[in-house]
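Numbering (this note's numbering), first residue to last: 146 to 410.
Shown next, in the form of structure tokens:
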């Protein structure tokens with residue numbers, strides 16, 4: 146049978162999602178735990194790979210197994226063998242043709258920034274930081290230039306392996322919650338470091354270093370060197386993919402309510 150899992154993790158201690166020779170990735174730990182519980186080798190495929198230090202709230206994976214166990218047993222049994230900062234949130238049987246990556250209609254991320262004169266302490270590793278005040282309207286005007294289908298080469302890592310830099314950005318929402326700012330991004334797919342590079346530009350606009358129209362100029366240039374430096378990975382959260390409703394997969398986990406503004410989305 147084919148099963149889908151929702152996985153949440155704090156990415157600080159890991160070298161991203163995708164399996165690496167050193168074994169220090171979320172995928173490595175998940176597959177090791179699944180294999181121990183199933184007493185058989187298990188390989189997974191995810192909806193969207195995350196980079197070093199990036200967190201996940203509802204990463205979706207699928208795998209095939211001949212072990213006949215209840216869905217909740219997969220949750221409890223796998224979590225028994227996982228580190229404390231990785232946990233399976235749900236398990237659901239899916240059709241044999243379900244594919245976590247190829248059937249995703251979109252992907253959602255949130256970036257959390259704390260605006261404070263001093264660096265974060267309690268939230269270290271969980272938020273980005275700016276000590277300068279941010280201008281919400283200026284950032285929203287800048288973000289408006291990014292909506293739609295564009296060539297996002299100016300926001301693409303040199304290590305990006307995507308076949309095309311053209312992506313469809315559906316939404317960018319910017320909200321303030323006390324000292325915390327939440328930036329939500331939804332697109333069909335993203336390039337390597339794309340959101341962190343966009344965040345660097347939006348923060349430059351928000352602090353008054355650049356104008357809102359400068360973002361449109363950077364986008365049109367298609368040149369990475371024209372954009373701001375890549376922002377920290379600390380505050381970036383993969384909220385998960387979107388699938389057609391008939392798959393019946395959960396779209397939220399408890400961590401959504403932990404993030405600022407989580408109750409609204």
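A virtual CB, placed ideally from N, CA and C, is assigned to each residue, including glycine.
- If you look at residue 216, you'll find it in the alpha helix (DSSP H) that goes 216 to 224.
- Counting only residues of its own chain and dropping the five nearest sequence neighbours on each side, residue 164 has a CB closer than 6 Å to the CB of 170, 172, 173.
- Residue 264: not part of any beta strand (DSSP E); DSSP gives it neither H nor E.
- Nearest neighbour of residue 353 by Cα position, chosen from 330, 365, 342, 286, turns out to be 286.
- Distance from the CA atom of residue 379 to the CA atom of residue 155, rounded to whole angstroms, is 10 Å.
- By the Cβ-count criterion, residue 319 is buried, with 16 or more other Cβ atoms from all chains shown falling within 10 Å of its own Cβ.
- Residue 303 sits in coil when the DSSP states are folded into three classes, being neither helix nor strand.
- Distances from the alpha-carbon of residue 159 to those of 230, 282, 397 put 230 closest.
- Membership of residue 339 in the alpha helix (DSSP H) is indicated by the continuous run 339 to 351.
- Taking a cut-off of 8 Å on C-beta distances, the segment 281 to 295 does not touch the segment 392 to 406, as fewer than three cross pairs fall below it.
- In the three-state reduction of the DSSP assignment, residue 318 falls in the strand class.
- For residue 242, there is no enclosing beta strand (DSSP E), as DSSP marks it with neither H nor E.
- Annotation: the continuous beta strand (DSSP E) that includes residue 202 extends over 200 to 209.
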